[in-house]
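Quick notes on the structure that follows.
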Amino acid sequence: MEANVARPIIRVQAPAAAQLSEEVLPSHELKMTARDVNLWYGEKQALFDVSLDIFDSSVTALIGPSGCGKSTFLRCLDRMNDVIEGVRMTGDITLDGENIYAPQVDPVQLRARVGMVFQKPNPFPKSIFENVAYGPRIHGLARSKADLEEIVVKSLTRAGLFEEVKDRLQESGTGLSGGQQQRLCIARAISVNPEVLLMDEPCSALDPIATARIETLMDELRKSLCIVIVTHSMQQAARVSQRTAFFHLGKLVEVGDTTKMFTNPTDVRTQDYVTGRFG
Amino acid sequence: MSDAQTINRQPRAANWASDAARRRVRRRYAADRRLQAYGIIAIALAVGLLGILVTSLVSTGFPAFVQTKVDLAIYVDPSKVDPKDPANGNFRALVREALAPFVPEGATDKQKIDVTKILTSDAPYIVRDYVVDHPDTVGKTVTLPIAVSDPYDQLQKGVIPKEVDALSWSQVRYFERLQTRGVVAEEGGRTSLKLEVYVDPARIEAGPPPSGDFAAVARDSLQAYLPDVHDTALFAMLADDAPDALANRVAEDPSLIGKTAQVIFPVAKPFAQLANGESPKVLNPRFTSTQIEAFDTMVAKGVVHMPFNWELFFNADSRFPERAGLAGAVTGSFYALLVCFLLSFPIGIAAAIYLEEFAPKNRLTDLIEVNINNLAAVPSVVFGLLGLAVFLGYFGLPRSAPLVGGMVLSLMTLPTIIIATRAALKAVPPSIREAALGIGASKHQVILHHVLPLAMPGILTGTIIGMAQALGETAPLLLIGMNAFIPSVESMGILEPATSLPTQIYSWADSPERGFVSRTSAAILVLLGFLVVMNIVAITLRQMFERKW
């Protein structure tokens, strides 16, 4: 960090989103857009003019050093920042072209469409079945008990957990191993058929084997979902994402095709970061 | 030397083998041990004091858990009890007749009445209640265990003695002073006082036979020997026939009138015993000799026994300790706590949820929070005054009722419950809230489905501890008059006058009868028992509902 400050900062305007969508992954549709997002925690500004496009059926990785605002930005995407006191935001974020901060949008419904998986596995202290069934139940997605069971089995299967837990669905979700718990959280998140899945460093508390399983799972899931992942691990970003966005000090420095970002970044700060020279 | 040099200089290598280093290690270990010792001393002190409290309560309260009773064979005389209307029979006469075998030969009517006082004054009512419940016993003999009155209960338990010292400590002192002055002497086989008496012609006439207030003159002459004593107990020293000694002396020699002479006054029996080196005893004034004789007969016939005192739990209050029980107090406390729980549990949780989950952080909520914390520290007597002024005075609710008692107690428990609930809500990890929010649960779903169930053990613990506090609270209940005299549990209700465990303890502690001393301790033990049970329930609930996350 110290070395970086001394270096002359080359101001590179974040490329306009419209430009990006043409050159990167033209086969995918635009799912979410963020335009000029500024965010303050009280007096402290955490995000500066972030504009980012997120495409359907792909994984977008947000990388950057600690405290750069990537998690904050991720939480803007499903309005989880609303519940934090003293947060103020300007700018627009859309989902399928509709502004999610519009007054008529219900944040609770939005969070069903945009699911979230957190850094630390946080299953409810209830049975495995109840963990997954909770979302469909409160959103009225199941018409009968059989329906509900089907959703639970399907979600657990999609999360690659069903085979391991099918004999103990009534046991507590907190009794599972860390990796299993995180997959349970993913099953819970996808049980309500979200269109977007936000993952906030989902593997940082897991061992390499559990991480590998989750990465495989993400690759499966992205066929039907739009995934945005915050990660500290450059290797992980390179492995799982199609697009990568690099945040630094609350600003979006650079966004682009993952391969390009890791081999031939435009910005010198990105280059320094992905090659491990700071951060 | 520049700053950079100072910083860059290597610290001196520590010499771990030096004396100073070894001293530091020794001091550190000593300090560790001291800290540990302070803790152990503090705990030992606390446990010791608790042990003393419980031991003293158990040793004082133990006698109250048994009750001396007499198995009385009662002939339910059809001439005294009408089988059609048994409630209006002359049960007092039945009891008197049942006691006849124990009354000493040739007792007077007054002595016979004295003997009935061995039994509790409620004896006729105990018999009446039994006969009313069992009307077929009319014309038969039934044997009922009947509690003896308090003095005999205490006598049987060895709490009070049958005989007490006849002389007070000061009377012994006066006599000893006279002995040192050589006034006491053996005369004619009796211990006597040789006193100089001025035979005052104004008070004694020569006669014959001589007349006058010989007793007063005798007293005055005794007083003259101990001029500093102003105590009528002094005159008990003179025997009943002491004035006769003076009268006889004057009759023998009428010329003594107007002169000073030595007169020998016999001393009363206890003082004579004292002079002989015995310690004089008299029958305890609570008993009469006839009663003692009758009671000894009962003991000899084996009808006196001391069973477990179930009445302590199933009887309501009574003026007679041998009949007094805690049922009324327990019922009153139960009703008051029920009201208190029904009010403070929902209100407390609702207030805590609002303050913790919904309320914006501003000056108003800060003020409310500070005041809730202050309310928890307000002396309970103040809440009692509030209840008196507002609930009784302004709203006109019934006096002494458990409803008002519960309302006042809930004022006290509310802050406790709110604080405990807020702490429990705060302790629920934010990850659980985020998980629920992330899946699209609304605020109330997050709270009701996830946060509240996880906070429940803490809330229940806080509530039960608040309730336990309320159970032991005395002052506010006294102020709203919830220390009524309740002789029967049947009449009790939420709106009827009632008493409660702590106020019952208070009024028993205030009663002069000896039997209430042990009953007070027994009631405290019962109250402590309830508190222990409530705390065990709190711990059990917490362990039962506690979940790991």
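So the sequences go chain by chain: S and X. To convert a position in the first sequence, counted from 1, into our numbering, add 1220. To convert a position in the second sequence, counted from 1, into our numbering, add 95. For glycine and all other residues, C-beta sits at the position ideal for the given N, C-alpha and C. Everything numeric in this text was worked out from a predicted model, so none of it was measured.
Residue environment, residue i, which counts as buried when at least 16 other CB atoms sit within 10 Å
{"i": "Asn-466(X)", "result": "exposed"}
{"i": "Lys-179(X)", "result": "exposed"}
{"i": "Phe-390(X)", "result": "buried"}
{"i": "His-650(X)", "result": "Nothing about residue 650(X) can be read from this structure; chain X reaches only from 96 to 644."}
{"i": "Lys-164(X)", "result": "buried"}
{"i": "Glu-1421(S)", "result": "buried"}
{"i": "Glu-417(X)", "result": "buried"}
{"i": "Ser-287(X)", "result": "buried"}
{"i": "Arg-1299(S)", "result": "buried"}
{"i": "Thr-1345(S)", "result": "A quick correction: the sequence has Pro, not Thr, at residue 1345(S). So Pro-1345(S) ends up on the buried side."}
{"i": "Asn-1351(S)", "result": "buried"}
{"i": "Trp-603(X)", "result": "buried"}
{"i": "Pro-256(X)", "result": "exposed"}
{"i": "Pro-1414(S)", "result": "buried"}
Nearest-angstrom Cβ-Cβ length linking residue i and residue j, presumed shorter than 8 angstroms
{"i": "Cys-435(X)", "j": "Gly-491(X)", "result": "Actually they do not touch by this definition, with Cβ atoms about 21 angstroms apart."}
{"i": "Pro-1341(S)", "j": "Gln-1401(S)", "result": "3 angstroms"}
{"i": "Ser-495(X)", "j": "Ile-575(X)", "result": "7 angstroms"}
{"i": "Thr-236(X)", "j": "Tyr-170(X)", "result": "5 angstroms"}
{"i": "Ser-616(X)", "j": "Gly-143(X)", "result": "With 8 angstroms as the limit, Ser-616(X) and Gly-143(X) do not qualify as a contact, their Cβ atoms being about 19 angstroms apart."}
{"i": "Ile-534(X)", "j": "Val-1412(S)", "result": "6 angstroms"}
{"i": "Pro-497(X)", "j": "Gly-567(X)", "result": "Rounded, the Cβ-Cβ distance is 16 angstroms, inconsistent with contact."}
{"i": "Ile-221(X)", "j": "Ser-244(X)", "result": "Incorrect: roughly 13 angstroms between the Cβ atoms, too far for contact."}
{"i": "Val-394(X)", "j": "Lys-354(X)", "result": "Not quite, the Cβ-Cβ distance comes to about 59 angstroms (not below 8 angstroms), so this is no contact."}
{"i": "Gly-1335(S)", "j": "Ala-1409(S)", "result": "4 angstroms"}
{"i": "Val-1448(S)", "j": "Ile-1274(S)", "result": "6 angstroms"}
{"i": "Ser-1278(S)", "j": "Cys-1446(S)", "result": "7 angstroms"}
{"i": "Leu-1361(S)", "j": "Ala-1407(S)", "result": "Contact flag wrong, Cβ pair sits at about 14 angstroms."}
{"i": "Val-1270(S)", "j": "Ala-1281(S)", "result": "Not confirmed; about 15 angstroms, so no contact."}
{"i": "Pro-173(X)", "j": "Val-227(X)", "result": "Contact doesn't hold; Cβ gap of about 15 angstroms is too wide."}
{"i": "Ala-333(X)", "j": "Leu-321(X)", "result": "Checking the displayed sequence, the identity of residue 333(X) turns out to be Leu instead of Ala. That belief does not hold up - the Cβ atoms of Leu-333(X) and Leu-321(X) are roughly 13 angstroms apart, past 8 angstroms."}
For residue i, the residue or residues it bridges with in DSSP
{"i": "Gln-1265(S)", "result": "Trp-1260(S)"}
{"i": "Asn-377(X)", "result": "With the sequence shown as reference, residue 377(X) is identified as Val, and Asn is not the correct amino acid for it. Per DSSP, Val-259(X)."}
{"i": "Lys-235(X)", "result": "None, per the DSSP bridge assignment."}
{"i": "Lys-289(X)", "result": "Ile-359(X)"}
{"i": "Glu-1474(S)", "result": "Phe-1466(S)"}
{"i": "Met-393(X)", "result": "Paired residues: none, contrary to the question."}
{"i": "Thr-508(X)", "result": "BP columns for Thr-508(X) are empty, so no partner."}
{"i": "His-400(X)", "result": "Lys-164(X)"}
{"i": "Thr-1253(S)", "result": "Asp-1273(S) and Thr-1314(S)"}
{"i": "Ile-1283(S)", "result": "Phe-1466(S)"}
{"i": "Val-1450(S)", "result": "Leu-1282(S) and Asp-1420(S)"}
{"i": "Ala-242(X)", "result": "Lys-164(X)"}
Within-9 angstroms CB hit, residue i to chain B
{"i": "Ile-1447(S)", "result": "In the structure shown, chain B does not exist; the protein chains are S and X."}
Neighbourhood of residue i by C-beta distance below 8 angstroms, restricted to the same chain and skipping five residues each side
{"i": "Leu-636(X)", "result": "Pro-552, Leu-555, Thr-556 and Ile-559"}
{"i": "Asn-183(X)", "result": "Asp-177"}
{"i": "Leu-481(X)", "result": "Val-503 and Leu-506"}
{"i": "Val-198(X)", "result": "Gln-206, Lys-207, Val-210, Thr-385 and Ala-389"}
{"i": "Gly-307(X)", "result": "Arg-298, Ile-299 and Glu-300"}
{"i": "Ile-1371(S)", "result": "Val-1352, Ala-1353, Pro-1356, Leu-1361, Ala-1362 and Ser-1411"}
7 angstroms Cβ shell around residue i - same chain, five flanking residues per side excluded
{"i": "Ala-342(X)", "result": "Pro-305 and Phe-309"}
{"i": "Ser-613(X)", "result": "Thr-155, Gly-156, Pro-158 and Ala-159"}
{"i": "Val-632(X)", "result": "Ile-559"}
Proximal residues to residue i (C-beta, below 6 angstroms), its chain only, five neighbours per side dropped
{"i": "Phe-1502(S)", "result": "Chain S is shown only over 1221 to 1499; residue 1502(S) falls outside these bounds and no answer can be derived."}
{"i": "Ile-513(X)", "result": "Gly-443, Ala-446, Ala-447 and Ile-467"}
{"i": "Trp-1260(S)", "result": "Arg-1308"}
{"i": "Arg-381(X)", "result": "Pro-246"}
{"i": "Leu-596(X)", "result": "Ala-424, Ser-428 and Leu-622"}
{"i": "Met-629(X)", "result": "Ile-559 and Ala-563"}
{"i": "Met-587(X)", "result": "Thr-426 and Ala-593"}
{"i": "Glu-1249(S)", "result": "Asp-1276"}
{"i": "Ile-147(X)", "result": "none"}
{"i": "Gly-1393(S)", "result": "Pro-1343, Ile-1348, Asn-1351 and Leu-1404"}
Report task. Within the segment 1375 to 1433 of chain S, note down every full beta strand (DSSP E) run reaching 3 residues or more, in order along the chain. Result -> 1416 to 1420
**Report entry** Start-end ranges of the beta strand (DSSP E) lying completely within the segment 553 to 606 of chain X, minimum 3 residues
**Finding:** none
Query - Residue ranges of each beta strand (DSSP E) within the segment 1297 to 1361 of chain S, 3 or longer - result: DSSP runs (the beta strand (DSSP E)) wholly in the segment 1297 to 1361 of chain S: 1307 to 1315 and 1334 to 1337.
**Report entry** Complete runs of the beta strand (DSSP E) confined to the segment 155 to 201 of chain X [at least 3 residues]
**Finding:** 164 to 170
Query - Every unbroken beta strand (DSSP E) inside the segment 266 to 340 of chain X [3 residues or more] - result: Segments of the beta strand (DSSP E) lying fully in the segment 266 to 340 of chain X: 279 to 282 and 285 to 293.
Query raised in the report: Unbroken alpha helix (DSSP H) runs of length 4 or more, entirely within the segment 441 to 513 of chain X: which are they?
Result: 458 to 471 and 475 to 481
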